[in-house]
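**Q** At position 107 of the sequence shown the residue is numbered 107 (the UniProt record's numbering), and the sequence of numbers has no breaks.
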Amino acid sequence: MNIIDEIGILAISTRLQRLSEQLRKDGAQIYAYNNIDFEPKWFPVIYTLHVKEMLGVVEIANEIGYSHPSTISLLKELEKQKIISSKKDKLDERKRLIVLTTKGKELVEKMQPVWEIMSKALNEITNTQNNLLKAIEEAEENLTRQGFFQRALELKG
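See below:
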């Protein structure tokens, strides 16, 4: 047990980041093992477009919960890889509509069986007495009601 593990709640951000990095690293390994050239950070955009088919940049940002600039940088990366493409919206010239390319759709098809295995493994990992996913959802709801900064200000008085 290290100092971060010992200090408890004060290190929650560090602990969540550590957990996230481990899952991301292992996820990348799973994709590589299955001969799939894929970066885990691409997942939210790819999956969203797989389900919703065609969305604008703002809609994608809202769906994945990322900032607009973060979403744009991810989209640029995916466009460079020819996994997505964009076209101007006929109704609003300023708006770009994003879709999976044929390469993107083929990638999703190749990944779907792997996603099933990953889901089962992740369910095993998180299916604990205090279910991690449920706890994260509850914490996110609390943050939506009132942010960490605001709570800290009120407690300071």
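We put the CB at the ideal spot given by N, CA and C, even for glycine. The structure presented is a predicted model; accordingly, all values stated were derived computationally and were not measured.
(1) Hey, could you find the ends of the alpha helix (DSSP H) I7 is sitting in?
(2) Taking 8 Å as the CB-CB limit, is I117 close to chain D?
(3) Give the DSSP bridge partners of I84, in chain order.
(4) Taking the CB atoms as reference points, tell me whether I30 and V114 lie closer together than 8 Å.
(5) When we look at the beta-carbon of M111 and count the other beta-carbons within 10 Å, is it buried (16 or more) or exposed?
(6) Could you give the first and the last residue of the continuous alpha helix (DSSP H) run that contains L55?
(7) If the criterion is Cβ atoms closer than 8 Å, does the pair R96 and V57 meet it?
(8) The alpha helix (DSSP H) spanning I136 covers which residue range?
(9) For the segment 33–40 against the segment 136–153, are there 3 or more C-beta pairs whose distance is under 8 Å?
**A** Reading from the atomic positions:
(1) Numbered from 1 along the sequence shown, position 7 holds the residue referred to as residue 7. Here I7 belongs to no alpha helix (DSSP H), and DSSP marks it neither H nor E.
(2) Going by chain labels, chain D is absent from the structure shown, which holds only one protein chain.
(3) One-based indexing of the sequence shown puts residue 84 at position 84. Partner(s): L100.
(4) Here residue 30 corresponds to residue number 30 of the sequence shown, with the count starting at 1. Here residue 114 corresponds to residue number 114 of the sequence shown, with the count starting at 1. Yes; because the gap between Cβ atoms is below 8 Å, this pair is in contact.
(5) In the sequence shown, counting from the first residue as 1, residue 111 sits at position 111. When all chains shown are included, M111 counts as buried.
(6) For the purposes of this step, residue 55 is taken as residue 55 along the sequence shown, with counting starting at 1. Unbroken run through L55 is the beta strand (DSSP E), M54 to G56; no alpha helix (DSSP H).
(7) Position 96 of the sequence shown holds residue 96. Position 57 of the sequence shown holds residue 57. Contact: yes.
(8) Reading the sequence shown from its first residue, position 136 is the one you call residue 136. Segment L132 to R145, the alpha helix (DSSP H) holding I136.
(9) No, the segment 33–40 is not in contact with the segment 136–153.
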